[in-house]
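For the protein sequence lines, the chains are A and B, in the order given. Quick note: to get the numbering used here, add 13 to the position in the first sequence (first position is 1). Quick note: to get the numbering used here, add 1 to the position in the second sequence (first position is 1). Presented below is the structure to which this report refers.
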Amino acid sequence: MRLGKRTGRRQVHTVGGDIVLAIFLVIVGVFMFLPFIYSIVQSLKPMEELFVFPPKFFVRNPTLSNFKDLLLHTNNMWVPLERYIFNSFFVSVAGTVGSVIIGSMAAYPLAKFRFPGSALYEKIIVLSLLFVYNVTAVPQFIIMSKLKMVDTLWAVLLPSMASSLSLYLMKNFMSQLPDDLIEAAKIDGAGHMKIFLGIVMPNVKPAWVTAVIFVFQGLWNMQTDSYIFTESLKNLPTLLMQISTGTVATAGISAAASVILMLPPIIVFLISESQVVETMAHSGIKG
Amino acid sequence: MKTDFKNIGKQIVQNRTLYLMMLPFTILFVIFTVLSVIVAIGLGFTSYNLVEAPQFAGFSNYVRMFLDDDLLLKAVRNTLVFAIVTGPLSYFLCLFFAWMINEFPRYIRMLLTFIFYAPSISGGVFIIWTYIFSGDSYGFINSFLMNLGLIADPIQWLSDTTYILPIVIIVQLWSSLGTSFLSFIAGLQGIDSALYEAGAMDGIKNRFQELRYITLPAMGPQLMFAAVMQIGAAFSVSGICVALAGNPSVDYAAYTIVMHIGDYASARYEMGYACALSTVLFTAMILTNEFVGRFLRKHTNL
């Protein structure tokens, strides 16, 4: 089958075209990736190299002093750096686990059963994919303030647990599971919960891995300053914003902070890329 | 399948486990998404400061948008620039790069996918753009241009109103190859290779014809999904503007509706007016989505 694809496509593809494509992609790829390299390089530059003229792209005497300074800088504030990192990890991990549990539990009935209102439910989920969190921020803030959730971690955790994107992706993936698999288990006397945990979830691993990654990315990168005012509850992105709006002297430490911030989502994606792509194959909206 | 309305009660009891499984998500979704839309529409007709009870104010918030809010015009203009320029442009870039990357063998494809996708998931890295475009001679671009002798004095990239919006657009595009891009990558791999073989026999001559007559029509569902995601992102641009140009930016050159709404809500506590603005923003997004959806249904195999 793979061979068939190759011979079939070769007919309309020229070698010259392949080379032009490759060169173009390399140039754009360098542009896309350069800011990451530059961030890492900047974070390793000692103070005197950050302010030489003309500026050099590469670092001559790499040092970790910016990372040490970041620790010192935050030690002078009320809240130590570890606290921001802990908050970021805690919220991201707890929110991701919660979101995947409640999202997959809701995805299974929607994927495999029809009940009064199921079509409407699905339509609303698809429509809500439009509403990125900062569009609903104001009414959400009003609701949170009535529920006394403002300035607690719940304000960040609970809304992201009801992620319609991860529900939608898991539901589409589950729809592809053969009905016979579920019917056979039913005949063996398994209940809905047992079928869900024993058969559905192991078979849709790429879908919930993808949900884990998307929710984690969202929470890890989230600016929480409109909901959280207490310094000891703030996370890394908020700290980075506070540092980078400061004076020029913070150029090195804000590069260090952005390196710490960018690594976890990138590593997580790199490990699970093929599962994410497999899930996204079912991301299309039909009808 | 038709719903059997006579035995609804019995069905619900029979399938109670299924309903219970959906309950936690449904509760949170209703509170934070459905209710927030309803609250925005409702409070849009009131004047409300979060402390006292809301006062019914009729259409006065909506009238005020037109008559008594000069800054809104600027915010709308900038938001439309994003919605009209970066929205479609990043949509086509997602498709274009996904299509090009798909031509390569598996491991190169995975590496390229990673490189193009990475900017969209690294929340903090766009800070580095403030150093690249820094206004003094230590700025990367400035020193580069000065070395070449193209400019004599450093350019204030992020505080000169001619450059602010274009720079924000470039950085926005750089970081916009996200979920839609992955959806295209996956969709392209899922297209049946028999279609391409048949196309080659039917006289398709080059890869552009292949894209136009085979690939795009087969990608309907992905194109639809990506449209929803891009519309959502294009209308709600704000984070990158604040990070690069500050809030308020010089002469409000990178000021958007989401920032305007946030300003009324968090600085002035005029929740009624902020909700009315949010309602207008929802409506614009839903209408755009409907319009794009109709276009795609007509031109692809949906």
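Backbone N, C-alpha and C define an ideal beta-carbon position, used for all residues, glycine too. Only a predicted model underlies this, so the values are computations on that prediction, with no experimental measurement involved.
By the rule that beta-carbons nearer than 9 Å mark a contact, P167 (chain B) does not touch chain A. Identification of residues in the region 117-133 of chain A having a C-beta nearer than 8 Å to some C-beta of chain B yields M118, A119, Y121, P122, L123, F126, R127, F128, P129, given in sequence order.
Note on W91 (chain A): under 16 other CB atoms within 10 angstroms of its CB, so exposed under the neighbour-count rule. One thing to note: A234 (chain B) has its Cβ no nearer than 9 Å to the Cβ of V163 (chain A). DSSP places F57 (chain B) in the strand class (E or B) of the three-state scheme. When Cβ pairs closer than 8 Å are counted between the two stretches, the region 47-63 of chain A is seen to touch the region 261-274 of chain A, the count reaching three or more. Sequence-distant partners of N185 (chain A) (beyond 5 residues in either direction) whose C-beta falls short of 7 Å from its own C-beta, in its chain, are H295, S296. In the DSSP annotation of this structure, the continuous segment of the alpha helix (DSSP H) that includes F49 (chain A) starts and ends at 28-57. Counting other Cβ atoms within 10 Å of its Cβ, Q236 (chain A) reaches 16 or more and is therefore classed as buried. Within the same chain, and ignoring the five residues on either side of Y63 (chain B) in sequence, the residues whose Cβ sits closer than 7 Å to its Cβ are A277.
It is roughly 11 Å from the alpha-carbon of Y20 (chain B) to the alpha-carbon of M206 (chain A). Three or more beta-carbon pairs separated by less than 8 Å are not found between the region 260-269 of chain B and the region 32-42 of chain B, which leaves the two stretches without contact.
In the assembly as shown, G59 (chain B) is an exposed residue. Its beta-carbon has fewer than 16 other beta-carbons within 10 Å.
With contacts defined as CB atoms closer than 9 Å, P277 (chain A) and A41 (chain B) fail to qualify as a contacting pair. Residues of the region 137-160 of chain B whose Cβ lies closer than 7 Å to any Cβ of chain A, in chain order: S138, Y139, F141, S144, N148. Within the region 221-237 of chain B, the residues whose Cβ lies closer than 9 Å to any Cβ of chain A are, in chain order, G221, P222, Q223, L224, M225, F226, A227, A228, V229, M230, I232, G233, A234, F236, S237.
If you check each beta-carbon in the region 18-38 of chain B against every beta-carbon of chain A, the ones closer than 9 Å belong to T18, L19, Y20, L21, M22, M23, L24, P25, F26, T27, I28, L29, F30, V31, I32, F33, T34, V35, L36, S37, V38.
Near chain A, meaning a CB-to-CB distance below 8 Å, the residues of the region 180-193 of chain B are T180, L183, S184, I186, A187, G188, Q190, G191.
One alpha carbon belongs to A84 (chain B), the other to I9 (chain B), and they sit about 45 Å apart. When C-beta atoms of the region 231-245 of chain A are compared with those of the region 96-115 of chain A, three or more pairs fall below 8 Å, so the two segments count as touching. By the 16-neighbour rule on beta-carbons within 10 angstroms, F70 (chain A) is exposed. Contact with chain B is absent for M60 (chain A), since none of that chain's Cβ atoms lies less than 9 Å from the residue's Cβ. A check of alpha carbon separations from Q189 (chain A) across A:I156, A:F128, A:V217 identifies A:V217 as the nearest. Below the 8 Å Cβ cutoff, chain A contributes E286, V290 as neighbours of T114 (chain B), in chain order. For A119 (chain A), the closest alpha carbon among the candidates B:V293, B:I287, B:R17 is that of B:R17. At a cut-off of 9 Å between beta-carbon atoms, W221 (chain A) makes no contact with chain B.
Contacts between A198 (chain A) and chain B, judged by CB atoms closer than 7 Å, are missing: the closest CB pair is about 14 Å apart.
Close CB contacts of L94 (chain A) within its chain, under the 6 Å cut and outside five residues either way in sequence, are with L84, T87 (chain order). For T243 (chain A), the secondary structure class from DSSP, reduced to helix, strand or coil, is coil. For T131 (chain B), the chain A residues whose C-beta falls within less than 8 Å of its own C-beta are S257, listed in chain order. In the structure shown, the three-state DSSP call for T284 (chain B) is helix.
In this structure, L178 (chain B) and F115 (chain B) do not form a Cβ contact; the two beta carbons are roughly 11 Å apart against a cut-off of 8 Å.
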